[in-house]
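Below is one structure, written out as structure tokens; the observations come after it.
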Amino acid sequence: MSFFDALARGGAAPQAAPEAICSRKGCRAGATWSILWNNPRIHPPERRKIWLACDEHRGWLQDYLQQRAFWKDTVPFTVPADATPSPSDPEG
Ligand SMILES: [Zn+2]
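Per my numbering, the very first residue in the sequence shown carries number 12; after that it's consecutive.
Okay, structure coming up:
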């Protein structure tokens, strides 16, 4: 069960959209980057964990992961089309 399941069932989700907020502790800025990482001690090699980052903290989070050799990739964050906030849904 997930938020996306709730969306698929009819769009009457309790929240407008998942919060895409920077993963840096205390930061409430909107995410503009997805930082992909993997901890080989606990994750299978193909697994990718994702941290979201704002422009300001992208470097900080990336550096944090690189120091631990967890960092894999950083890509521009894009909101999935299905998760776009739509306060006035025409399908209503
Ligand atoms: Zn931030």
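We put the beta carbon where it would ideally sit given N, CA and C, even for glycine.
For Glu30, there is no enclosing alpha helix (DSSP H), as DSSP marks it with neither H nor E. Listed as beta-bridge partners of Ala64 by DSSP are Trp44.
By the Cβ-count criterion, Ala64 is buried, with 16 or more other Cβ atoms from all chains shown falling within 10 Å of its own Cβ. At least one heavy atom of ligand 1 falls within 7 Å of the beta-carbon of Glu67.
In the DSSP assignment, Pro87 falls within the beta strand (DSSP E) that extends over 82-87. No heavy atom of ligand 1 is found nearer than 7 Å to the CB of Ala31. Cβ-Cβ separation between Thr85 and Gln73: approximately 6 Å, consistent with a contact (criterion under 8 Å). In this model, Pro87 and Leu47 are separated by some 11 Å (Cα to Cα).
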